[in-house]
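Numbering (the numbering used here), first residue to last: 522 to 838. The beta-carbon is built from N, C-alpha and C at its ideal position, and this holds for glycine as well. Computed from a prediction, not measured in an experiment: that's the story for all the values here.
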């Protein structure tokens with residue numbers, strides 16, 4: 522009798538942990554990405570300007586934001602919003618969906634449980650996939666638009682995201698859209714490995730919430746877990762983000778390149794600007810990424826939690 526109950530319990534656990542389809546996680550992530558983009562675009566513009574500043578024109582976050590607003594207008598803080606929002610929507614859909622697929626593949630076939638090691642690998646794989654398929658080409662276009670100063674269309678080289686992409690392909694070839702792919706892969710892979718593992722851990726430790734248990738966190742609880750999970754990545758991957766930005770910003774059709782690749786860029790920046798330059802833009806990253814994760818998970822957890830209650834546990838919503 523006890524063996525039958527244990528077998529039934531294991532079966533229920535396996536069905537619960539495997540019952541959330543990847544497409545639902547992809548949808549929840551994409552909706553969260555739209556909300557994040559609209560709220561946090563100005564911080565991303567400031568981060569990019571600070572990372573591209575080699576002359577010390579900007580004294581910090583506030584000064585950079587004030588300078589951009591004064592010289593280019595408030596709208597300049599939302600430069601690159603279209604590619605940024607589109608890229609976030611697609612990125613989170615791919616990130617959440619691919620992570621769910623990988624986690625399902627790595628779950629123990631007997632218990633249906635996922636080890637922390639497998640969770641790290643799944644997160645890293647999702648980060649690498651999103652970096653190559655979505656993040657790199659969209660960020661190349663976004664950064665090229667953000668580095669342009671002024672709002673008069675006749676004075677700008679790139680008139681918009683589509684025009685920018687066409688110009689890059691014409692001048693630098695199709696692979697020009699994948700400038701800075703190596704540091705982007707390293708940054709996103711490491712970020713997502715840490716983020717998915719940390720988010721799950723914080724949900725368990727803070728709220729005793731396990732995936733598939735039917736418990737729907739309050740939005741503020743999801744925001745706390747998401748915020749905390751989003752803090753580790755920027756600290757660890759700062760150099761990759763700076764190098765990515767520098768490589769993406771330089772036009773490959775204008776002669777000899779200053780940075781030949783990821784490692785050459787790291788050495789050059791260190792030699793010319795010092796080790797702290799490899800963490801330029803860290804503060805605006807910390808102002809953007811943890812709040813961004815808080816927003817995304819507040820939306821995603823609500824959608825996933827309601828799906829669990831409606832389609833898994835048949836509980837009233």
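Nonlocal neighbours in the same chain, by C-beta distance under 6 angstroms from residue i, ignoring five residues either side
| i | result |
| --- | --- |
| residue 819 | 740, 743, 744 |
| residue 856 | Residue 856 is absent from the model: the chain starts at 522 and stops at 838. |
| residue 832 | none |
| residue 572 | 763, 766, 801, 802 |
| residue 826 | 737 |
| residue 828 | 545 |
| residue 628 | 635 |
| residue 547 | 614, 617, 618 |
| residue 805 | 564, 567, 568, 582 |
| residue 704 | 761, 764, 765, 783 |
| residue 724 | 730, 746 |
| residue 537 | Residue confidence is low: residue 537 scores 42 on pLDDT, short of 50, so the model does not pin down where it sits. Its coordinate-derived value is still stated next. Cβ neighbours of residue 537 beyond the five flanking positions: 733. |
| residue 570 | 585 |
Cβ of residue i within 8 angstroms of any chain D Cβ
| i | result |
| --- | --- |
| residue 808 | No chain D appears in the structure shown, which is made up of a single protein chain. |
Neighbour-count burial assignment, residue i, 16 or more Cβ in a 10 Å radius
| i | result |
| --- | --- |
| residue 646 | buried |
| residue 575 | exposed |
| residue 596 | exposed |
| residue 706 | buried |
| residue 583 | exposed |
| residue 544 | exposed |
| residue 673 | exposed |
| residue 612 | buried |
| residue 631 | exposed |
| residue 591 | exposed |
| residue 690 | exposed |
| residue 683 | exposed |
| residue 492 | The shown model of the chain, from 522 to 838, leaves out residue 492, and the question about it has no answer. |
| residue 561 | buried |
| residue 696 | exposed |
| residue 557 | buried |
| residue 622 | buried |
Terminal residues of the alpha helix (DSSP H) in which residue i lies
| i | result |
| --- | --- |
| residue 860 | Outside the shown range of the chain (522 to 838) lies residue 860, about which nothing can therefore be said. |
| residue 624 | 602-627 |
| residue 709 | 702-728 |
| residue 690 | 682-693 |
| residue 742 | 740-750 |
| residue 588 | 582-593 |
| residue 663 | 657-668 |
| residue 544 | 543-573 |
| residue 812 | 803-832 |
| residue 643 | 637-651 |
| residue 788 | 783-794 |
Residue i versus the options, residue with shortest Cα-Cα distance
| i | options | result |
| --- | --- | --- |
| residue 649 | 632, 669, 710 | 710 |
| residue 726 | 712, 717, 746 | 746 |
| residue 811 | 777, 825, 749, 792 | 749 |
| residue 686 | 662, 568, 600, 708 | 662 |
| residue 559 | 821, 824, 813, 830 | 813 |
| residue 620 | 681, 549, 758 | 549 |
| residue 643 | 733, 626, 632 | 626 |
| residue 554 | 610, 542, 624 | 610 |
| residue 657 | 756, 751, 698 | 698 |
| residue 720 | 815, 755, 780, 758 | 815 |
Cutoff 7 angstroms; reference residue i; Cβ partners in own chain excluding five residues on either side
| i | result |
| --- | --- |
| residue 808 | 564 |
| residue 679 | 665, 666, 669, 685, 688 |
| residue 791 | 799 |
| residue 600 | 566, 666, 667 |
| residue 769 | 660, 661, 664, 700, 701 |
| residue 718 | 637, 640, 641, 644 |
Nonlocal neighbours in the same chain, by C-beta distance under 8 angstroms from residue i, ignoring five residues either side
| i | result |
| --- | --- |
| residue 787 | 760, 764, 799 |
| residue 586 | 563, 567, 598 |
| residue 651 | 612, 615, 616, 619, 709, 713 |
| residue 654 | 615 |
| residue 778 | 771 |
| residue 817 | 550, 553, 554, 556, 557, 613, 747 |
| residue 675 | none |
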